[in-house]
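Notes for the one structure printed next.
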Amino acid sequence: MNSRFFWSVVCLVLWFPAVQAQEAFGEGDLRRCGTPTREELIERYGESRFDPSDCSDNLTNPTEAYDPAASYQITVVVHIIMDDNCNVGSLSDDLVHNQIQVLNEDFQAIKGSSGEPGSDAKIQFVLATTDPDGNPTTGITRSCNTSWYNDNGGYYNDLAWDPSRYMNIYTNSGDGSLGYVPFLPANANGSLVGTNADRVVIGHTYFAANTGNHTNFDLGRTATHEVGHFLGLEHTFTNSGGCPSQGTPNCYSDGDLICDTNAELSPNFSSCNDTENDCGELKPIHNYMNYSYDPCMWEFTTEQIRRMRCTLESYRTDLYTIVNNNCDGSDVAVDAGSDVAVCLGSDTELSAGGSGGAGNYSYSWQPTDGLSDPTVANPTAAPTETTTYTVTITDGNGCTAQAQVTVTITDGVAADMYSYWRNEGVGQGYDYDSNNIVNVLDFVHALTACQ
Ligand SMILES: [Zn+2]
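For the sequence shown, the positions run -21 to -1, 1 to 430 when mature numbering (1 follows the signal peptide of the UniProt record, and there is no 0) is used.
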């Protein structure tokens, strides 16, 4: 059958660049985080000796007064910076929604998500719906400027939305690291907070989860780590050649200024080995403020959460609003139904059912690829590749729950090929059987049992 010839020619031409691109990813020399060390920050901004707060740059006093009670909601704007051609650094709205979702999963330990094993800090993130002028917005801006893409040129002076009221996240090259913040809120007694430079920067290929860009940094936790800094957390490790003080109260004024994170000399760069020791204690390898691979990270400790909430209450008082929804994780639930298999090009109706909580549910499905409407309980799904959809249900009190359902494309090889062609912009090909130019989807259908 001559169709095989067509198939193999297209395979060779189209798959080769993908193989090369994969081999080009070497992750051995990556700089996990470009946030300056505590010593560098004190040298740059001075030590805040007269700061009375419980979360200064040289002390934590994590009393129970900072335990999560009401939820604090932070409004976010994401500035996507691309090169001059608006090409390198491009990110879809879907990926922005995906990253905001990851932040919520990790900071709230949402059930059913990869953040579930952690602790609920009751800190929520929402994209802005109004801009600083009061106009409706998606909470996403896009700019094309190669200098800005390379993290130069003071882009934040042009792009920042009032940093005292919005958390400004920028995606660009990341200045050679996966991400960074330029300072911690307590530096210089908090006087840097609210300036245009007050920001979170994420390398665009480390932004959002399940993008396939990097094997070990693909759960969106670069942003979780950097937002931890933005909310006043230091790295768990000292990296200064000596173990930090151990035992209370000295551990509140040395190292990461936190006592319920084990003392650590140097970052955990890769493995998720629970038996590694530093300073006579197990390394805190699961902590979001370490350098572990994304799947190994899932924890903010009780005292870290208290320090983050203290930082909001002491330095970022205009950044958050209190949401009194008293969600305890069991109020509302959602069932997304059973997994389903369909032929490529066919569709199926998904079905999410909410229960409990305050009723008056709203729904949000991610990713939105192939969905008729991602905001209804029963969207029609016609994905072009096997896709696991996550539905988030929100009740009238703002409490949320999640569930997943997978739509499997029954002919996986054909679906993968079609997905690749589509991403390369290939809509048509030459069929040696008929000597005709044919639609690629029709061609794939002809090769599968699904017709
Ligand atoms: Zn860091």
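Glycine residues also receive a C-beta, built at the ideal position from the N, C-alpha and C atoms.
On the premise that Ser98 lies in contact with Phe279, defined as a C-beta separation below 8 Å, what is that separation, rounded to the nearest angstrom? Indeed, because the Cβ distance is near 6 Å, the residues count as touching under 8 Å.
Closer than 6 Å: is that where the CB of Cys12 sits relative to any heavy atom of ligand 1? Under cutoff, so the answer is yes.
In the DSSP assignment, find the alpha helix (DSSP H) that holds Gln87 and state where it starts and stops. Looking at the DSSP string, the run of the alpha helix (DSSP H) that includes Gln87 is Asp72 to Gln87.
Candidates Gln80, Val105 and Glu403, of which the one nearest Gly94 by Cα: Out of Gln80, Val105 and Glu403, the CA that lies nearest to the CA of Gly94 is found in Gln80.
Which whole-angstrom value describes the C-beta separation of Asn151 and Trp127, a residue pair presumed to lie in contact below a C-beta threshold of 8 Å? About 6 Å; that satisfies the 8 Å criterion.
Thinking C-beta only, is Asn241 closer than 7 Å to Pro223? Annotated as distal: Pro223 and Asn241, with beta-carbon spacing of 7 Å or more.
State yes or no: is the C-beta of Val370 within less than 7 Å of the C-beta of Tyr342? Contact annotation: Val370 and Tyr342 have beta-carbon atoms nearer than 7 Å.
What number of angstroms, rounded off, separates the C-alpha of Ala393 from the C-alpha of Thr363? The straight-line gap from Cα to Cα measures roughly 10 Å.
Where the alpha helix (DSSP H) containing Ser293 begins and where it ends: Annotation: the continuous alpha helix (DSSP H) that includes Ser293 extends over Thr281 to Tyr294.
Determine the contact status of Asp310 and Cys378, defining contact as a CB-CB distance below 7 Å. Yes. Within cutoff.
Once DSSP output is grouped into helix, strand and coil, what is the label at Arg10? In this structure, Arg10 counts as strand in the three-state DSSP scheme.
In terms of residues, what are the limits of the alpha helix (DSSP H) holding Leu20? Arg17 to Tyr24 is the span of the alpha helix (DSSP H), which, as asked, contains Leu20.
In the DSSP output, what is Trp127 paired with across the bridge? Trp127 is not bridged to any residue.
Selection from Val405, Gly336, Asn168 and His214 that minimises the alpha carbon distance to Asn376: The residue with the shortest Cα to Cα distance from Asn376 is Gly336.
What's the call for Ser413, buried or exposed, on a 16-neighbour Cβ count within 10 Å? That one is exposed.
Identify, in the order they occur along the chain, each residue of the same chain with its Cβ nearer than 6 Å to the Cβ of Gly199, setting aside the five sequence neighbours on each side. The answer, listed in chain order, is Gln78, Val81, Ala187 and Ala188.
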